[in-house]
Amino acid sequence: MKRHNFSAGPSILPGSVLQKASEAVINFDNGLSLLEISHRSKPFVDVMENARSLALELLGLEGKGYKALFLQGGASTQFFMVALNMLEKRAGYLNTGTWSDKAIKEAKIYDDVYEVASSKDANYNYIPKGFDIPADYDYFHCTSNNTIFGTQMKEFPNSPIPMICDMSSDIFSRKLDFSKFDLIYAGAQKNMGPAGTTLVIVKEDILGKVSRKIPSMMDYKVQISKGSMFNTPPVFAVYTSMLTLEWLKDLGGIAAIEKENDKKAQLIYSEIDLNPLFKGFSAKPDRSTMNATFTLANEDLKETFETMVKEAGINGLNGHRSVGGYRASMYNALPLDSVGVLVDVMSELERKA
Ligand code: PMP
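Structural data, given as structure tokens:
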């Protein structure tokens, strides 16, 4: 039976990418596996260089003073790596959910953090607006898409200080003026590849301004100078990410995938709004195109709904424990058809109830 994978992360990858990645595990270069050749060999150095330049190209950031790095430790490592490299006195953070909150907690280890605004008062079901960013802070940090709560920033402030963004769950999904950001980071395991690598896009001229000593592995400048190969990189995760970026480029890049993502989001949200058995969790203007969060209006239907979901081959629909209910994660590789199958189940439930 065809599976429809709504997993929040690690999540669906294009079938052609999985095929090529698995072939490379057996034979990548003259009978040798991708996993058993030196990361310093030309075939792998080419992979790393290609992955780095594709990331910049797709974001429209080539030749604009940015570098792309594929690092390890997940987006969670970026929570403190950003602060180590950038936080001298005080930074401003927008608190829009669990992941922002964790970024704040880690940055506080190094210095002062000020929450410019927070939506904690309403269990993070909206994105705060109209906040000020003090011009004398070191940087401003935000989270573009809140994977758990299903909210997404639709507009970004004109920050007077470097703007840093955790784009883990919506990178490469929609057109944005990426040059507004000075540093972007994203764990690969949603829109880009397998778990194990984190993409960091950094504008070089914001670095080197803090007085503390930074361990080499944690120093963006060191990582840049070594071409993202200060130590052995996660070769499989980087290769598979490169394949996904190639897949996206062949499709027509971010502009093309954004159209698909908008169609998927429209389909699911119109069902949530029209079907009286379901309630959307997040505030309408802030609804995420990547993660749609919703609950059942009547919990008595839980078992029936979940059985129908299972029978339709739908995977990964459970909501995060802090929201409950359901979460349909619709990353780039999820076909519109899969959302159609879910919406059919939801409307079938209405007919049955
Ligand atoms: N930020 C966001 C927005 C996330 O969704 C996640 C993971 N779901 C993280 C950070 C943490 O990522 P990692 O597990 O790669 O550390």
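Heads up: the sequence shown at position 161 corresponds to 237 in our numbering, and the numbers run straight through without jumps.
We put the CB at the ideal spot given by N, CA and C, even for glycine.
If you draw a 10 Å sphere on the C-beta of Asn161, you find 16 or more other C-beta atoms in it, and that means buried. In this structure Phe216 does not touch Ala183 by the C-beta definition: roughly 12 Å separates them, more than the 8 Å allowed. The segment 196 to 210 makes no contact with the segment 249 to 267, as fewer than three CB pairs between them are under 8 Å. Taking a 10 Å sphere around the C-beta of Lys165, we find fewer than 16 other C-beta atoms and assign the residue as exposed. Within a 10 Å sphere around the beta-carbon of Asp246 sit 16 or more other beta-carbons, which makes this residue buried. With the rule of 3 Cβ pairs closer than 8 Å, the segment 132 to 147 counts as touching the segment 280 to 291.
Of all C-beta pairs linking the segment 369 to 380 to the segment 229 to 245, fewer than three are shorter than 8 Å, placing the two stretches out of contact. In the three-state scheme derived from DSSP, where H, G and I count as helix and E and B as strand, Gln228 is classed as strand.
Rounded to the nearest whole angstrom, the CA to CA distance from Glu426 to Asn391 is 21 Å.
Residue burial is scored here from C-beta neighbours: Arg250 has at least 16 other C-beta atoms within 10 angstroms and is therefore classed as buried. For Ala404, the distance from the CB to the nearest heavy atom of the ligand PMP is not below 7 Å. At the C-beta level, Met366 and Ser405 come within 8 Å of one another. Apart from sequence neighbours up to five positions away, the residues of its chain that approach Ser358 with a beta-carbon distance below 8 Å are Asn201, Tyr202, Phe225, Gly226, Thr227, Ser364, Thr369, ordered along the chain. Per DSSP, reduced to three states, the secondary structure at Phe82 is coil, with no helix or strand assignment.
Bounds of any beta strand (DSSP E) do not take in Ile185, whose DSSP letter is neither H nor E. In terms of Cβ geometry, Val101 and Leu94 do not form a close pair [threshold 8 Å].
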